[in-house]
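In the numbering used here, the protein residues as written are 1 to 121. No residue lacks a Cβ here, since even glycine has one placed at the ideal position from N, Cα and C. Heads up, the thing below is written out as structure tokens.
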């Protein structure tokens, strides 16, 4: 029963032509993540690209998939450290047309101590 549920609900890992993700995907993974191991994410990403290329080579869906492994980041730190890139991706591919424009300084959290490992003085 669990295997059937996972097969039915895991489009990235068990993709059929109908389940290939046809929109851009940005995966941000911490290199020190213990909740979701980086090697598992790399396999997921490789499988997503392979399935998209196998079923839809002419559409280039796999070209819209992006994986970033954030050095030294844990599960929750990774998104903070890549906040600017995540916001840029969202604004590029998922814009709601709000007209809200953020400066790079407003988006960038890379100087946060969780990203640098250096506590503020």
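When the five nearest sequence neighbours on each side are left out, the beta carbons in the same chain lying within less than 6 angstroms of the beta carbon of residue 67 are those of 27, 45, in order along the chain. One alpha carbon belongs to residue 22, the other to residue 94, and they sit about 13 angstroms apart. Residue pairing by DSSP places residue 26 opposite 66 in a beta bridge. If you draw a straight line from the Cα of residue 17 to the Cα of residue 56, it comes to about 8 angstroms. If you draw a straight line from the Cα of residue 76 to the Cα of residue 69, it comes to about 13 angstroms. By the Cβ test, the stretch 79-89 is in contact with the stretch 109-117, since at least three Cβ pairs between them sit closer than 8 angstroms. Contact between residue 84 and residue 107 is confirmed by a C-beta separation of about 4 angstroms, below the 8 angstroms threshold. The three-state reading of DSSP puts residue 56 in coil, since its state is none of H, G, I, E or B.
For residue 92, the enclosing alpha helix (DSSP H) covers residues 83-93. Rounded to whole angstroms, the gap between the alpha carbons of residue 38 and residue 100 is 33 angstroms. Where residue 107 is concerned, the enclosing alpha helix (DSSP H) starts and stops at 104-107. In terms of Cβ geometry, residue 73 and residue 30 form a close pair [threshold 8 angstroms].
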